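Below is one structure; the comments refer to it alone.
Below, the structure is given as structure tokens:
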């Protein structure tokens, strides 16, 4: 039962708040979960970064969403996790109305660059 660490449970709670549209609560819960994570929770860290990106995208804050999505991609480069990549792609879809902003174009460059492709293929 140690798989359900307090940080992991908080991350699940934050995701539930996000899905329910309780964005300020989701942001707070996810930030607390991120701060409580320990070494060995790298995959979950990716998901939390992506969920924070989703919160910011839903809040209309494209720049902050791109920043958190970038952190998720940084973590994915170190520790691959398909669910984490799925969450980043969901964030990118949510940013479609902002697709002409420089931060979203930079996220696209990272999301679809050759290094990311190779990282996925190595898994």
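Residue numbers (the working numbering): 463 to 585.
Just so you know, even glycine gets a beta-carbon here, dropped at the ideal spot from N, CA and C.
The structure displayed is predicted, hence computed values, not measured ones.
Could you give the first and the last residue of the continuous alpha helix (DSSP H) run that contains residue i?
i           : result
residue 521 : Where residue 521 is concerned, there is no enclosing alpha helix (DSSP H), given that its DSSP letter is neither H nor E.
residue 552 : 544 to 556
residue 467 : Unbroken run through residue 467: none, as it is neither H nor E.
residue 486 : 485 to 498
If you reduce the DSSP assignment to three classes, tell me which class residue i lands in.
i           : result
residue 474 : helix
residue 561 : coil
residue 482 : coil
residue 508 : helix
residue 532 : helix
Go ahead and label residue i buried or exposed: buried means 16 or more other beta carbons lie within 10 angstroms of its beta carbon, across all protein chains shown.
i           : result
residue 482 : exposed
residue 539 : exposed
residue 541 : exposed
residue 522 : exposed
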